[in-house]
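J.: Input: one structure, supplied below.
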Amino acid sequence: MIDRVLGTRSNGAVVNEPPHFQAPRASGVTAATLEFQHVAKTYAGAGEPAIEDLSLSVAAGEICVLVGPSGCGKTTAMRLVNRMIEMSSGDILLDGHTVRDRNTAELRREIGYAIQQVGLFPHLSVGENIATVPKLLGWPKDRIAARVNELLELIGLNPSDMAGRYPSQLSGGQRQRVGVARALAADPPLMLMDEPFGAIDPITRDRLQNEFLRLQGELRKTVVFVTHDIDEAIKMGDRIAILEKGGVLAQYATPAELLMRPASPFVADFVGADRALKRLALQRVRDVDLWRAPLAQVGESVAALSGRAREHDLPLVLLVDEVARPLRWLTAEQVAGDTVPEASGTTPFCVDADDILRDALSALLQHGVQYAPVVGPDGAVTGILSLELITQFLGGQAAGDVEEAPAAADRVLPA
Amino acid sequence: MMGLLAAVTIRTRTATCETQNGFCPDWIAKHWTDYLDPMWQHLQLVVVSVAFGFVIGFTLGVMAHRRRWLVGPITGFTGVLYTIPSIALFTLLLPITGFGFRTAVIALTSYTLLIIFRNVVTGLANVPADALEAGRGMGLTQRQRLWRVEVPLALPEIYAGLRIATTTTVGLAALAFFAGAGGLGAQLMTDINFKSNIVLAGGLCVVLAVVLDLVLLGAERLTVRWEFVGR
Amino acid sequence: MMPASITDDFSGALDFIFHQRDAVSGGVRVGGATLLPLLETHIRVTVISMFIACALAIPFALWLGHRGKGQFAAASAANVGRAVPSIAVLVFFSAYLGLGDTNLIFAMVLLAIPPIFTNTYVGIRQVDRDAVDAARGVGMSGPQIVRRVELPLALPLIFGGMRTSTVNVIATATLGPLVGVLTLGDAIINASVYGPEGRLAGAILVAVLAVTAEVAFALLQRAATPRGLKVVRAPRFRAASRTTTVPSVTSAP
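Chains as they are written, first to last, in the working numbering: chain A, 22 to 436; chain B, 44 to 274; chain C, 3 to 255.
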């Protein structure tokens, strides 16, 4: 299936193009590459280094998630990039140029910075907070105003209502959004995000994550994203760097690869025993080779139907309307006559083609059914999803290799 | 002969120091006992005023803790009292209470109110909600919650207020002579051109403040043990 | 309710404020318009002292607070500053600086510095560290962080310190006549010239002056509080910002 080969973002943007290829964006700012070269950091007075020797490169336009247990140096690694912390040795290259000899203030203005505590300036309005970096860069007033409006709309806040509010008047989720908007204000080619959604309730967090992925689909920044939550890492990352104590890189891979082939017991343990289930979160229903549905319409000859159900290992045929929307399952008794009757019964439980496999599996189990029709955005049946198919999917991929199933390397995000 | 000469020299130098109104350790060593009585008066002024101030300020604080609308008016009123310069207040009280200890104590007490009241209110307000909730859950009455949960947890803040009030009162009591209540200020005024006198009287004020502060710190350590363990 | 004698005393004092009369000691006229030069001197030495004290204390405290150093100094300044009797400082330095404005102003500057210093320092330190981290992260330089983030957020507390100091300085200026500067305190200290009614009048005027300064600063402080801090939690903040001495600092042994 074409979707499986390409993979899609939640907003439908195609993401299979090689990450190093980036068309210049309208504003002229391109995403930057980032490279850690044998970076080490030992804090003054500390016996052991926080980071021993970290080498890592992030392609332009990718989200690189740094994840690991507390004390693994992930936040330190991130803060070395904009020199909030100075590295002890090694080098970090931003777009091929070392950050070492840059003026720190100028460097930081080029790098978006969003942290868990947000750190909005309480004495400045939302608009003024977002305008911070453009002001520092000396943009003209009308350009700043336009940019603030643009960003507020981008993060889904109404500019006329929200720009004049103060941080103390915002909800936690709104503050986080404003924090991200402030980081994006000067259109930086690189964003550093330290658990930006860490302090919010799970439902809002999920929404903000999806929002950010939607934004990223448009903006295509290079992002270094720090989290301690492996699920968030799998959801957000194009690539995930799992760090052990001392900033040791345990594995640096795509989420699918990480789940399928953890490089060490440490990674396997960190990713969790349920990593097979986690992989279901990376796939959508439509990415699976669905069973074809044995369809029937009212008034159709029963004789023509007889073979169809068996052909698909299904005891039932699905009654659909004239545009292929499922009406109900037909039992053997109901198709006893010559033609398909307009039998009564409830509309069957259907699975959405855009659902992620984990949710679809959960729904199947919850409804106590072995299989269910899959419907597309127009409501028409596109196939049948069964528990058997999901089992095959997991088993096939666990045994198979990545090269043969390119979809596994690409990731699909929940809407 | 030599002994006599030496004695004369010393007396001459001492006399010179004193006549030049200088700082004379010898003179201080000889006369510091003259300052014990004024210091005792000073101590009484401070302790009595802070004690009254604590009783009134604490009561007002607990009242305002239950009825939040009282915080504004009480802060405003004690704030005005706190603002009136002490010399003015001592003088203003003269027609009403006359010269003496009583007038000085009334004025000094009024200065402690703002500090103590504010710290009691803040301390009670900062008691963690979960501790209160647990207290409620265990069936403590409102009065029991106040004395067994809120006040103990507010103690560090209350002590901080007491300590600030005490050191402030030591400084202000040096002007109590305007109300005719003696103290180290009155002793200082006996000769404001003689530095030894100024240094001794002023220095004893600071010593008194430091000692009282340490006493309160000690009391805090004894009564608020949970705050000091594990530090 | 008040006994007639007390009412008489206070109405006599009011009369003294508005009408000249012969001094008790004779020879000079006191009260009424003769109080104006005293008031003027009182205000003049207060304003000069406050300017000098602010110019010295605020930049130093801003710098220390920004660097996060001097916690102990801030606490000590607050503690010792309170206990030293103003009158001792005043008469002590007159021995070196002689009688007159210079000595009075010098002593008052010394007394005014601790509250301003402590409040400015605490004001800077209590600024949300995450906001400062974010300010660094978006590329503000040290001076920009102070000017755009720390100073605006510390302003309410800084004004609180100036408020306390101003009231203290007005009180100390009352002692001016002891060192040869004729302020409103003259009527209180030289009661033998002004009489009991003059003394009471002096006390009333000093009290009114102090309360006026207090109210003026309260309004200034309100105006200086960034709007972002007033919205939502305005009432509680005001109660706390009157703090001349923040317990977390002053409770340090």
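Note that the Cβ used here is the ideal one computed from N, Cα and C, for glycine as well.
Note down, one range per segment and in chain order, each alpha helix (DSSP H) of at least 4 residues found wholly within the segment 46-88 of chain C.
T.: 73-85
J.: When the cut-off is 9 Å and only beta carbons count, does C:Phe94 lie next to chain B?
T.: yes
J.: By alpha-carbon positions, which one of C:Ala220, C:Gly187, C:Ser167 ends up nearest to C:Cys56?
T.: Closest option to C:Cys56, Cα to Cα, is C:Ser167.
J.: Note down, in chain order, each residue of its chain lying with its Cβ closer than 6 Å to the Cβ of A:Leu415, except the 5 sequence neighbours on either side.
T.: Ala297
J.: Name the one or two DSSP bridge partners that A:Pro394 has.
T.: A:Ile405
J.: In angstroms, rounded to a whole number, what distance separates the CA positions of C:Thr122 and C:Gly162?
T.: 9 Å
J.: By alpha-carbon positions, which one of A:Met257, A:Gly117, A:Pro70, A:Thr63 ends up nearest to A:Ser78?
T.: A:Gly117
J.: Counting only Cβ pairs nearer than 7 Å, list the residues of chain B close to C:Gly197.
T.: Those within 7 Å of C:Gly197 in chain B number zero; the least Cβ separation is about 13 Å.
J.: Does chain B have any CB closer than 9 Å to the CB of C:Pro255?
T.: With a pLDDT of only 26 at C:Pro255, under the threshold of 50, the placement of this residue in the model should not be trusted, and no figure is reported.
J.: Which value, in whole angstroms, describes the spacing of the CA atoms of B:Ile117 and A:Lys266?
T.: Straight-line Cα distance between these residues: approximately 56 Å.
J.: Can you list, in chain order, the residues of the segment 106-132 of chain C whose Cβ is nearer than 8 Å to any Cβ on chain A?
T.: Of all residues in the segment 106-132 of chain C, those with a C-beta nearer than 8 Å to a C-beta of chain A are Asp130, Asp132, reading in chain order.
J.: So C:Val151 contacts chain A; which residues on that side make the cut at Cβ distance below 9 Å?
T.: Phe142, His144, Leu145
J.: With a 10 Å radius around its C-beta and 16 neighbouring C-beta atoms as the bar for buried, classify C:Phe74 as buried or exposed.
T.: exposed
J.: Name the chain C residues whose beta carbon is nearer than 7 Å to that of B:Thr290?
T.: Lying before the first or after the last residue shown, residue 290 of chain B is absent from chain B, which here runs from 44 to 274.
J.: Among C:Glu152, C:Pro117, C:Asp135, C:Gln128, which one has its Cα closest to the Cα of C:Val169?
T.: C:Pro117
J.: Given a cut-off of 9 Å, decide if B:Phe160 and B:Thr121 are closer than it, judged by their beta-carbon atoms.
T.: yes
J.: Determine whether the beta carbon atoms of C:Asn105 and C:Val213 lie at a separation below 9 Å.
T.: no
J.: At the level of alpha carbons, what is the spacing between C:Thr120 and C:Ser78?
T.: 9 Å
J.: Closest to A:Ile255 by C-alpha separation, out of A:Cys85, A:Lys62, A:Ala53, would be which residue?
T.: A:Cys85
J.: Determine, using beta-carbon pairs with one atom in the segment 253-260 of chain B and one in the segment 199-210 of chain B, whether at least three such pairs fall under 8 Å.
T.: Touching, yes.
J.: From A:Asp380 to A:Val372, what distance separates their C-alpha atoms?
T.: 9 Å
J.: So if I threshold CB-CB distances at 7 Å, which residues from the segment 150-161 of chain A count as touching chain C?
T.: Thr153, Val154, Leu157
J.: For the ligand ZN, is there a heavy atom less than 8 Å away from the beta-carbon of B:Leu259?
T.: Inclusion of the ligand ZN in the displayed structure is not the case, the ligand content being empty and no account of it being possible.
J.: Taking the alpha carbon of C:Leu58 as the reference point, which residue from C:Val93, C:Ile172, C:Leu113, C:Pro145 has its own alpha carbon closest?
T.: C:Leu113
J.: Whole angstroms are fine: how far does the CA of B:Thr155 sit from the CA of B:Trp112?
T.: Their Cα atoms are separated by approximately 21 Å.
J.: DSSP state of A:Pro90, grouped into three classes?
T.: coil
J.: If we define contact as Cβ-Cβ less than 9 Å, is B:Val123 a contact residue for chain C?
T.: yes
J.: Out of curiosity, what's the CA-to-CA distance linking C:Ala35 and C:Ala205?
T.: 17 Å
J.: Mind pulling the alpha helix (DSSP H) runs of 4 or more residues that sit fully within the segment 273-319 of chain A?
T.: 276-281, 286-292, 296-301
J.: How big is the Cα-Cα spacing for A:Leu303 and C:Gly144?
T.: 45 Å
J.: Near A:Ala289, what residues of its chain come up, given a Cβ to Cβ distance below 6 Å and the 5 sequence neighbours on each side ignored?
T.: Pro283
J.: How many whole angstroms separate the CB atoms of A:Arg129 and A:Asn170, which I take to be in contact at a CB cut-off of 8 Å?
T.: Contact flag wrong, Cβ pair sits at about 24 Å.
J.: In terms of alpha-carbon separation, which member of A:Leu326, A:Gln413, A:Arg307 lies closest to A:Gly404?
T.: A:Arg307
J.: Would you kindly work out how many angstroms separate the C-alpha atoms of A:Arg226 and A:Glu343, rounded to a whole number?
T.: 41 Å
J.: Any C-beta of chain C sitting closer than 9 Å to the C-beta of A:Pro223?
T.: no
J.: Who are the near neighbours of A:Thr153 in its chain, counting only those whose CB is closer than 8 Å to its CB and skipping five residues on each side?
T.: Phe142, Leu145, Arg203, Ala206
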